[in-house]
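Trainee: This is the structure I want to talk about, given as structure tokens.
6 protein chains.
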Amino acid sequence: MYSVSVRDHFMIAHSFRGAVFGPAQQLHGATYVVDVEFRRADLDADGIVVDIGRACEVLKATLGALNFRNLDEVPEFAGKNTTTEFLAKVIFDRTVAAARAGLLGPGADGIETIKVTLAESHVASGSYEGRLA
Amino acid sequence: MYSVSVRDHFMIAHSFRGAVFGPAQQLHGATYVVDVEFRRADLDADGIVVDIGRACEVLKATLGALNFRNLDEVPEFAGKNTTTEFLAKVIFDRTVAAARAGLLGPGADGIETIKVTLAESHVASGSYEGRLA
Amino acid sequence: MYSVSVRDHFMIAHSFRGAVFGPAQQLHGATYVVDVEFRRADLDADGIVVDIGRACEVLKATLGALNFRNLDEVPEFAGKNTTTEFLAKVIFDRTVAAARAGLLGPGADGIETIKVTLAESHVASGSYEGRLA
Amino acid sequence: MYSVSVRDHFMIAHSFRGAVFGPAQQLHGATYVVDVEFRRADLDADGIVVDIGRACEVLKATLGALNFRNLDEVPEFAGKNTTTEFLAKVIFDRTVAAARAGLLGPGADGIETIKVTLAESHVASGSYEGRLA
Amino acid sequence: MYSVSVRDHFMIAHSFRGAVFGPAQQLHGATYVVDVEFRRADLDADGIVVDIGRACEVLKATLGALNFRNLDEVPEFAGKNTTTEFLAKVIFDRTVAAARAGLLGPGADGIETIKVTLAESHVASGSYEGRLA
Amino acid sequence: MYSVSVRDHFMIAHSFRGAVFGPAQQLHGATYVVDVEFRRADLDADGIVVDIGRACEVLKATLGALNFRNLDEVPEFAGKNTTTEFLAKVIFDRTVAAARAGLLGPGADGIETIKVTLAESHVASGSYEGRLA
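Chains as they are written, first to last, in our numbering: chain A, 1 to 133; chain B, 1 to 133; chain C, 1 to 133; chain D, 1 to 133; chain E, 1 to 133; chain F, 1 to 133.
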């Protein structure tokens, strides 16, 4: 199994609901450093898993839609805790949609699984991994 | 599959038995930077894999029992080489026990697998991964 | 010149005023990974620059007063842009105050300069460095 | 499942063929920081996955055969794009060959899978993972 | 003293002349991860050392002029060894020129010193530091 | 001012004397990841601060003399606490001695200052910086 991974980041404000979150129930924020890993069994005719340039562009666009926002005010997330692992799934879903829309190029048809990891600090991270097809 | 990972460290002395270890047969030591990753298929009702605060506390307590010790004098490890990969399994077992004792909170019931990785330097690490149930 | 450095982090929400900040004028947030470096010409009688345990406690307490807050609502920062470099100075000032209050231990009298660095992502950071005395 | 991972690096020149590569079609180069991870279900009699010393030597020798070269002039790679993911497979194959030749020691018989990851920068990497047997 | 630092990277081919370089006399290449640090005694009216957005754009443009090239064919470097420390000075000079041309914004007038660091691997780096004025 | 920095590591056991050290008074150990930075105002005729190959060899030899040892039994350190910052000075002194003995090559005459940094974990480090001449 081959993989390629690209990294970028975004910075948001949010708060959580639920006693389990303690002081994180207050409005605070985070920088998320995001790795998106694309996996497939074989390389395409160019010898790649995915065009790294396009992968970086898709990641930048995906994170750009979230960057510099207060996630508490994003209608799509109403009633949800936008935890690190929840956001990993959001970015996974949007990356899958971008791949299906052809934004990763034609060779991206061969991608089998995608893993999205968000580091929220030097000591904690969350991820979501799933199939593309 | 979702995951959450937390990091802490501990510092110990030990020695190894066996020609394969060369100069590491002498009494020396190591700092281990430890990542514990918790994985599950679905988030709990709060939108989390595990309470990161509790995960950090469990990890600190687990490593605290080993920290600042000479592992050659720990009865539990008698006759064993406390290699990086061996210690990864020790910490895995103790994390599993903590989870079963409820120390990770009720939502931790959904955790399926745990991976413990110990970096012994900037160029070498060891890990153990297994099922919680 | 000797130094010792310790690391911790905090997570906040804030917004900036001024066209130079572009989309960062919106309410967003950041994780800051903070390094505080203490420097002095000679070691104390114990052979240290500063008690690392106390340095970690002082750093945790200093960051704890900011952690999980919306800095736009902190009276002390009214009318200020809480940029990375501005916050480095805030943490510097509070660390100096803690040192003068004896919270770093008696040996801390020998510390000459302190440097506080805040990494706001994997690609950007800010710092403030000044004298303790 | 246990693992042990070791790290080293190599520096090469190369160029790519194919419009997808854009300016990377020009002769350029890269530093690759390489992690080789060895995995097995059980530890050997010494309590290890693999002799880390031997693993480091095998990795150094494997990378040494590529280091400081122009990969466009390596006959074995003629007609191929020596992308990060392609090179991960090359290093995987050579590590497998070294293991079979006994260069990792007798205990290496128990290794089940190997994963080779090449970081080409702080924001991009590629990998190949496969079975040893 | 305040500072702000931004990071980006570039990938080049080159060779060195001189017995001291050993096998690096062959055509090879490198990824350089570049940090540019801007320092000044006081913050500007917006509370910043430099506009991070502009600093990132200047760095990207500066590295873009070198990226994906064979430095042996760059007329400006004829007869020079484009070592890590040499390239740090090249990027320093070009950053200074950009600052003087106003590309860092009007507030950049207050910048006193700039330090450029190039990491060529996980174990080696070079830098150049000098005054802006 | 130019610099070049190289990295390696060593692993030791030791204990400390003094109430300030708390549980670190027990025999324990550490991995130290060591950066040695060489600084000079001008490059030599080859365009370098120091021969990186020789610098790496000197560092490996310097650390090799400490690696896999119990520092409590090293006569040279009797009566001393081998703290991170103390060891930074030890390695500084030995690097200076190596430079004066010509082990860094003839071009090393131009080196003005050396900084040695030891990271003892992902959250703490110590350093010593001084003049070579």
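For each residue, glycine too, the CB sits at the ideal point set by N, CA and C.
Identify each residue in the segment 118-130 of chain A for which the Cβ-Cβ distance to at least one residue of chain B is less than 8 Å, and report them in chain order.
Mentor: So the list reads H122, V123, A124, S125, G126, S127, Y128, E129 and G130, given in the order they occur along the chain.
Trainee: How about V116 (chain B) and V4 (chain B): are their beta carbons less than 8 Å apart?
Mentor: No. Outside cutoff.
Trainee: Mind checking which residues open and close the beta strand (DSSP E) that includes D35 (chain C)?
Mentor: Here the beta strand (DSSP E) through D35 (chain C) covers H28 to R40.
Trainee: Is it right to say A119 (chain D) is buried, meaning 16 or more other beta carbons lie within 10 angstroms of its own, or is it exposed?
Mentor: Looking at its Cβ environment, which holds 16 or more other Cβ atoms inside 10 Å, A119 (chain D) is buried.
Trainee: Would a check of beta-carbon distances place S12 (chain F) closer than 8 Å to chain B?
Mentor: According to the sequence displayed, residue 12 (chain F) carries Ile and not Ser. So, interface residue.
Trainee: With contact counted as at least three CB pairs below 8 Å, one residue from each stretch, are the segment 8-17 of chain D and the segment 99-107 of chain C in contact?
Mentor: Verdict: no, contact absent.
Trainee: Quick one: measure Cβ to Cβ for A24 (chain B) and F68 (chain F), integer angstroms, because I've assumed they're closer than 8 Å.
Mentor: Yes, they are in contact, since the Cβ atoms of A24 (chain B) and F68 (chain F) sit about 6 Å apart, within 8 Å.
Trainee: Counting contacts by CB-CB distance shorter than 8 Å, is N70 (chain E) in contact with chain D?
Mentor: Yes, N70 (chain E) counts as interfacial toward chain D.
Trainee: Going by DSSP, what residues sit across from T117 (chain A) in a beta bridge?
Mentor: Per DSSP, A:D35 and A:S127.
Trainee: Output needed in chain order: residues of the segment 40-58 of chain F with a Cβ under 7 Å from some Cβ in chain E.
Mentor: Result list: L43, D46, G47, I48, V49, D51, I52 and G53.
Trainee: Label E37 (chain C) either buried or exposed according to how many other C-beta atoms from any shown protein chain fall within 10 Å of its C-beta, with 16 as the threshold for buried.
Mentor: By the 10 Å Cβ count, E37 (chain C) comes out buried.
Trainee: Under 9 Å Cβ-Cβ, which residues of chain A neighbour Y32 (chain B)?
Mentor: By Cβ distance, chain A contributes nothing, its closest Cβ being about 14 Å from Y32 (chain B), past 9 Å.
Trainee: For chain C, check one thing: does any of its Cβ atoms lie closer than 8 Å to the Cβ of G29 (chain F)?
Mentor: For G29 (chain F), the answer is no, since every Cβ of chain C falls outside 8 Å of its Cβ.
Trainee: Any beta-carbon of chain C closer than 8 Å to the one on A108 (chain A)?
Mentor: Judged by the 8 Å Cβ criterion, A108 (chain A) is not in contact with chain C.
Trainee: In chain order, what residues of the segment 71-101 of chain A put their CB closer than 9 Å to some CB of chain B?
Mentor: So the close ones are K80, N81, T82, T83, T84, E85, F86, A88 and K89.
Trainee: Considering Cα atoms alone, identify which of A:A133, A:G126 and A:L103 is closest to G47 (chain B).
Mentor: Residue A:G126 is the option with its Cα nearest to G47 (chain B).
Trainee: Starting from G105 (chain E), find everything on chain C with Cβ-Cβ shorter than 9 Å and list it in chain order.
Mentor: Within 9 Å Cβ-Cβ: V20.
Trainee: Taking the DSSP output, what are the residues bridged to N70 (chain A)?
Mentor: Its beta-bridge partners are A:A13.
Trainee: What do you get for R54 (chain E), buried or exposed, if any count of 16 or more other CB atoms within 10 angstroms of its CB means buried?
Mentor: Its Cβ being crowded by 16 or more others within 10 Å, R54 (chain E) is buried.
Trainee: What residues from chain E crowd round V6 (chain F), counting only those whose CB sits closer than 7 Å?
Mentor: Chain E residues near V6 (chain F): V123 and A124.
Trainee: Throw me the rounded Cβ distance for the H122 (chain A) and H122 (chain F) pair, which I believe falls under 8 Å.
Mentor: About 7 Å; that satisfies the 8 Å criterion.
Trainee: For D44 (chain C), report the span of its alpha helix (DSSP H) as first-last.
Mentor: Counting along the chain, D44 (chain C) falls outside any alpha helix (DSSP H), and DSSP gives it neither H nor E.
Trainee: Have a look at B:D93, B:E112 and B:K60 and flag the residue whose alpha-carbon is nearest the alpha-carbon of M11 (chain B).
Mentor: For the residues B:D93, B:E112 and B:K60, the minimum Cα distance to M11 (chain B) belongs to B:K60.
Trainee: Consider the Cβ of S3 (chain E): report whether some Cβ of chain C lies at a distance smaller than 8 Å.
Mentor: Yes, S3 (chain E) lies at the interface with chain C (some Cβ there is under 8 Å from its Cβ).
Trainee: Mind checking whether I91 (chain D) and A99 (chain D) have CB atoms under 8 Å apart?
Mentor: No, they are not a contact pair.
Trainee: Counting only the same chain and skipping the five closest in sequence on each side, list residues whose C-beta sits under 7 Å from that of Y128 (chain D).
Mentor: If we look at Y128 (chain D) and ignore the five residues flanking it on each side, its Cβ neighbours are E85, A88, K89, F92 and V116.
Trainee: Would a C-beta distance cut-off of 8 Å place T62 (chain B) and T95 (chain B) closer than the cut-off?
Mentor: Yes, these two residues count as a Cβ contact at 8 Å.
Trainee: Check D51 (chain F) in the structure and name its three-state DSSP category.
Mentor: Three-state result, D51 (chain F): coil.
Trainee: Report the residue from B:K80, B:R131, B:D42 and B:V6 whose alpha carbon sits nearest the alpha carbon of G130 (chain A).
Mentor: Nearest C-alpha to G130 (chain A): B:D42.
Trainee: Near N81 (chain D), what residues of its chain come up, given a Cβ to Cβ distance below 7 Å and the 5 sequence neighbours on each side ignored?
Mentor: Excluding sequence neighbours, N81 (chain D) sits near F16, R17 and G18.
Trainee: Using a Cβ-Cβ distance cut-off of 8 Å, determine whether A65 (chain C) contacts chain A.
Mentor: It does not; no Cβ of chain A falls within 8 Å.
Trainee: Contact defined as beta carbons within less than 8 Å: I believe A124 (chain A) pairs with I52 (chain B). What is the distance between those atoms, to the nearest angstrom?
Mentor: About 6 Å separates the two Cβ atoms, so the contact holds.
Trainee: Can you pull the chain E neighbours of A24 (chain D), defined as C-beta to C-beta under 7 Å?
Mentor: Neighbours of A24 (chain D) on chain E, chain order: F68.
Trainee: Where do the N-terminal and C-terminal ends of the alpha helix (DSSP H) with I91 (chain D) fall, by residue?
Mentor: Where I91 (chain D) is concerned, the enclosing alpha helix (DSSP H) stretches over T84 to R100.
Trainee: Go through its chain and collect everything with a Cβ distance to L132 (chain C)'s Cβ below 7 Å, but skip five positions before and after it.
Mentor: The answer, listed in chain order, is V96, A99, I111, E112, T113 and I114.
Trainee: Is L103 (chain A) near V58 (chain A), with beta carbons less than 8 Å apart?
Mentor: Contact flag set, yes.
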